[in-house]
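**Student:** Here it is, the structure in full.
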Amino acid sequence: MKARPFLAVLLALGLLALALGGAGWWLVGQRGPLALQHRAASLPRAARFVPRQAPLSLYLLSDGEEPVAYARAVAPARNRRQAAAAIERLRDGAFAAAGLDYPTELAAWLAPEIGLALFDLPDGDAGAASGSGNWLLALRSRDADGARQFVQRFWQTRSLAGTDLQVSRYRGMGLISGRGALLGRQPLPLATALVDDDLLLIASGRGVLEQALDVSQIDELNQGADPALRRRIADLGEGAALLVARAAGLPEGLGIPADPGPATQVLASLRPDGASLWLEALVERPAAGSVAAGALDATSLAVRRALVAAAPAATERLGLLQNPAALLSDPLLRPLVERVAALAPGAGPLPPLLVAVADGPLVVAEAPAGWLMASPPDQPATAVLEAPLAAAGLIPAPLELEGRPVTVWTRLVAGRGARPDREGVDRLQAPLEGWRGDQDGQALWGRSLALLEAAGDGRGAQRRERQLEVLDRPAAPLQWALATEPARSLLRDWLPWRRLVSLAGGPLDAPVRGLALAVEPGAEGLRLRARLEFGSGR
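Per the working numbering, the very first residue in the sequence shown carries number 320; after that it's consecutive.
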């Protein structure tokens, strides 16, 4: 009986500790660095100054310090300094490209919601920037004094350096323009306007700034008052950064072809989640432009799972394609499908031919030992490949490997370095270019016969499968998972990543540990989900 009060006190203390711990964790999640993971995707106030037809607009729903604090919070203890320094270099480089010094000019007053937009101005517009592009940067101030004091110091510093300033009024706003630059940099044409004392607009010229003020007065012309755009962005869910772009206005290096067909607009959100970065994107287009492959049904999913089990050990790239021939016919998906099937140099002519004619599920796997593809036994039929393989100079021949019938394709070539025979004729060689074999009701294709013997263990593909499972898009007709080195290599070749590296002044791919993506048709267009993994291990 005497123990009961003591136990009651212990229970009360335990419940109190749990409550305090839960409240503390909630505060960390809602107000600390980790709050960046749960920011709702929405258009900021700066969107009212961006035309609906702007080629590209990017909105960061944080200030300049939150991403740095987040990187420091989620990185392993031994890598926190390097992670924070990388984000700081990227941030400082981005502002420096606009002629601004973040640590000395912006850090003290910059609030969440940063907007950047590219503008189309008529040819010959006197207010357009020359050589540097037409852009608008929108910065929100924590209070009414921060932005105003920045404008005063900003132009005072430039005027002391010999910059001629022009001060005028436009639509009731005070505009200041001139040429400014950081020390040691080429001067850039710049113009500024302060809206309601807490929103600063910095543009690459007066023409850009005047157009921004024009569209802000007409709801039908700006992004902020577009109800359809707001709804679609809300459908993306959470995101710490938003991208709105015209598909036809994007460069090919972004992965969108020069002629995107019926595509109209690209919407995307970026969301950090632990040591991963998630991308949710929608490529809008009419229903007539939807991909013919469609999402997978239950039967196709079962077939695909069986095919994935045949992937070789140590798979570094795993691609899942449903009806790749139809995917190739889509102008938006063709570059990505070709990239999934673009195996290492020396893969031979068989992989692109398979992708071009396959009209069912096709699994593409690549390991250090070589590549392997798996398909249903009759998709594609060998007869379909006879003509294109013959045109490529390949000769079929039957072979039996450990009691298993296999079709191999070889190519006759003159033996390199071989001596002529007694009659003076060069000796010919027949190197193996590819093979096809059956196993467990599946057709396997490859180039190295060693992979045929090892096929079916599926051990190496399990890690790539887990990458795709996390995406939670099992019915997507196009899925791709990459290990560390292939993911880094892909990013190095991607134009936006190269631009980020340039802004940061050094490589950014050292922490990358993997990449997975899935593309599927939706009611309004193509939906893309991707996850970039970071970490300290391999």
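Note that CB positions come from ideal geometry on N, CA and C, so glycine has one too.
Starting from T726, trace the beta strand (DSSP E) in both directions and tell me its first and last residue.
**Tutor:** Here residue 726 is taken as the residue at index 407 of the sequence shown, counted from 1. That run of the beta strand (DSSP E) goes R723 to T729.
**Student:** In terms of residue numbering, what span does the alpha helix (DSSP H) encompassing P805 cover?
**Tutor:** Numbered from 1 along the sequence shown, position 486 holds the residue referred to as residue 805. That run of the alpha helix (DSSP H) goes T803 to R811.
**Student:** Buried or exposed, going by whether 16 or more other CB atoms sit within 10 Å of the CB of I495?
**Tutor:** For this step, residue 495 is matched to residue 176 along the sequence shown. That one is buried.
**Student:** May I have the straight-line CA-CA distance separating R410 from A675, to the nearest angstrom?
**Tutor:** Mapped onto the sequence shown, residue 410 falls at position 91. Mapped onto the sequence shown, residue 675 falls at position 356. Cα to Cα, the separation comes out at about 43 Å.
**Student:** Under 8 Å, with one C-beta from each stretch per pair, do the stretch 790-803 and the stretch 712-726 reach the 3-pair mark?
**Tutor:** Too few Cβ pairs lie closer than 8 Å, so no.
**Student:** Leaving out five residues on either side along the sequence, give the residues of the same chain with a beta carbon under 8 Å from the beta carbon of L747.
**Tutor:** Translated into positions along the sequence shown, residue 747 becomes position 428. Excluding positions up to five away in sequence, the list reads L731, V732, A733 and G734.
**Student:** Should W345 go down as buried or exposed, given a rule of 16 or more other Cβ atoms within 10 Å for buried?
**Tutor:** By 1-based counting over the sequence shown, the position of residue 345 is 26. The predicted position of W345 is uncertain, since its pLDDT is 38 and thus under 50; a value taken from the coordinates is nonetheless stated next. The residue in question, W345, is exposed, as its Cβ has fewer than 16 Cβ neighbours within 10 Å.
**Student:** Going by DSSP, name the residue or residues bridged to R850.
**Tutor:** Numbered from 1 along the sequence shown, position 531 holds the residue referred to as residue 850. DSSP, once it has assigned bridges, lists W597 and A835 as partnering R850.
**Student:** Under a Cβ-count criterion, where at least 16 other Cβ atoms within 10 Å of its own Cβ denotes burial, should S821 be classed as buried or exposed?
**Tutor:** Taking the first residue of the sequence shown as 1, we reach residue 821 at position 502. That one is exposed.
**Student:** Tell me where the alpha helix (DSSP H) around Y389 begins and ends.
**Tutor:** Locating residue 389 in the sequence shown gives position 70, counting from the first residue. Unbroken alpha helix (DSSP H) run through Y389: E385 to V393.
**Student:** For L637 versus R397, is the C-beta spacing smaller than 8 Å?
**Tutor:** As a working mapping, residue 637 is identified with position 318 in the sequence shown. As a working mapping, residue 397 is identified with position 78 in the sequence shown. Going by C-beta atoms, L637 is not nearer than 8 Å to R397.
**Student:** Smallest Cα separation from V470: which of E432, V563 and L419?
**Tutor:** Working through the sequence shown from its first residue, we reach residue 470 at position 151. Comparing Cα-Cα distances from V470 to each of E432, V563 and L419, the minimum goes to L419.
**Student:** Taking C-alpha atoms, which residue in L507, E599, I552 and A457 lies nearest to E839?
**Tutor:** For the purposes of this step, residue 839 is taken as the residue at position 520 of the sequence shown. For E839, the nearest C-alpha among the options comes from E599.
**Student:** Please determine, among R604, G760 and V727, the residue with the shortest C-alpha to C-alpha distance to G667.
**Tutor:** Here residue 667 refers to the residue found at position 348 of the sequence shown. Nearest of R604, G760 and V727 to G667, Cα basis: V727.
**Student:** Please state the DSSP three-state secondary structure of E784.
**Tutor:** Reading the sequence shown from its first residue, position 465 is the one you call residue 784. If DSSP states are grouped into helix, strand and coil, E784 belongs with the helices.
**Student:** Give me, in chain order, the residues of the same chain whose beta-carbon lies closer than 7 Å to that of A413; leave out the 5 immediate sequence neighbours on both sides.
**Tutor:** The sequence position of residue 413 within the sequence shown is 94, counting from 1. L822, listed in sequence order.
**Student:** Enumerate in chain order the residues of its own chain whose CB-to-CB distance from L519 is below 6 Å, with the five nearest sequence positions on each side excluded.
**Tutor:** As a first step, residue 519 must be located in the sequence shown, where it is residue number 200. Within the same chain, L519 has close Cβ partners L458, A466 and L513.
**Student:** Among the residues of its own chain, which have a CB less than 7 Å from the CB of A806, if the five just before and after it don't count?
**Tutor:** Here residue 806 corresponds to residue number 487 of the sequence shown, with the count starting at 1. Excluding positions up to five away in sequence, the list reads V831, G833 and L834.
**Student:** Buried or exposed for E788, please, with buried defined as at least 16 other CB atoms from any protein chain shown within 10 angstroms of its CB.
**Tutor:** The residue you call residue 788 lines up with position 469 of the sequence shown. With fewer than 16 Cβ atoms within 10 Å of its Cβ, E788 is classed as exposed.
**Student:** Just confirm the distance between the C-beta atoms of A403 and A390, as a whole number of angstroms; I'd bet it's less than 8 Å.
**Tutor:** The residue given as residue 403 occupies position 84 in the sequence shown. The residue given as residue 390 occupies position 71 in the sequence shown. 5 Å between Cβ atoms; contact.
**Student:** Could you check the C-alpha separation between G343 and G854 for me, to the nearest Å?
**Tutor:** Translated into positions along the sequence shown, residue 343 becomes position 24. Translated into positions along the sequence shown, residue 854 becomes position 535. Since pLDDT at G343 reaches only 39, below the 50 mark, its modelled position is unreliable, and no value is offered.
**Student:** I need the boundaries of the beta strand (DSSP E) containing T511, first residue and last residue.
**Tutor:** To locate residue 511, count along the sequence shown from 1; it is residue 192. T511 -> beta strand (DSSP E) spans L507 to V514.
**Student:** DSSP state of I537, grouped into three classes?
**Tutor:** The count along the sequence shown starts at 1 and reaches residue 537 at position 218. Residue state, collapsed to three classes: coil.
**Student:** Measure the alpha-carbon distance for L768 versus L652 and round it to whole angstroms.
**Tutor:** Numbered from its first residue, the sequence shown carries residue 768 at position 449. Numbered from its first residue, the sequence shown carries residue 652 at position 333. Distance between the alpha carbons of L768 and L652: 32 Å.
**Student:** Do you know how far the Cα of E752 is from the Cα of G712?
**Tutor:** Along the sequence shown, one-based indexing puts residue 712 at 393. Along the sequence shown, one-based indexing puts residue 752 at 433. Straight-line Cα distance between these residues: approximately 10 Å.
**Student:** Which complete alpha helix (DSSP H) runs does the stretch 609-695 hold, if anything under 4 residues is left out?
**Tutor:** 617-627, 643-647, 653-660 and 669-676, all fully within the stretch 609-695.
**Student:** Near V534, what residues of its chain come up, given a Cβ to Cβ distance below 6 Å and the 5 sequence neighbours on each side ignored?
**Tutor:** Taking the first residue of the sequence shown as position 1, residue 534 is located at position 215. Excluding residues within five positions, the ones whose Cβ falls inside 6 Å are P370, L540 and N541.
**Student:** For the alpha helix (DSSP H) holding Q468, just list the boundary residues, first then last.
**Tutor:** Position 149 of the sequence shown holds residue 468. Note, Q468: alpha helix (DSSP H), A463 to L479.
**Student:** Taking 8 Å as the limit between beta carbons, can you name the residues of its chain near A544, skipping five residues before and five after?
**Tutor:** Within the sequence shown, numbered from 1, the residue matching residue 544 stands at position 225. Closer than 8 Å at the Cβ level, and outside the excluded window around A544, lie R367 and D538.
**Student:** According to DSSP, is L419 helix, strand or coil?
**Tutor:** Start at 1 with the first residue of the sequence shown, and residue 419 comes out as number 100. In this structure, L419 counts as coil in the three-state DSSP scheme.
**Student:** Just the C-alpha distance for A702 and A709, rounded to the nearest angstrom, thanks.
**Tutor:** Your numbering for residue 702 matches position 383 in the sequence shown. Your numbering for residue 709 matches position 390 in the sequence shown. Taking the straight line joining both Cα atoms gives about 11 Å.
**Student:** DSSP state of D554, grouped into three classes?
**Tutor:** Reading the sequence shown from its first residue, position 235 is the one you call residue 554. Residue state, collapsed to three classes: helix.
**Student:** Go to A706, then tell me how far its alpha helix (DSSP H) extends in each direction, as first and last residue.
**Tutor:** As a working note, residue 706 is residue 387 in the sequence shown. Where A706 is concerned, the enclosing alpha helix (DSSP H) stretches over T701 to A710.
**Student:** Do the CB positions of P695 and A630 come within less than 8 Å of each other?
**Tutor:** Residue 695 sits at position 376 when you count from the first residue of the sequence shown. Residue 630 sits at position 311 when you count from the first residue of the sequence shown. Their beta carbons are not under 8 Å apart, which means P695 does not touch A630 by this criterion.
**Student:** Please report the straight-line C-alpha distance between G593 and R755, rounded to a whole angstrom.
**Tutor:** Sequence index remark: in the sequence shown, residue 593 carries index 274 (1-based). Sequence index remark: in the sequence shown, residue 755 carries index 436 (1-based). Each residue's Cα considered, the two are about 43 Å apart.
**Student:** Quick one: residues in its chain with C-beta nearer than 6 Å to the C-beta of Q356, no 5 flanking neighbours on either side, listed in chain order?
**Tutor:** Numbered from its first residue, the sequence shown carries residue 356 at position 37. Closer than 6 Å at Cβ, skipping near neighbours: P591 and D592.
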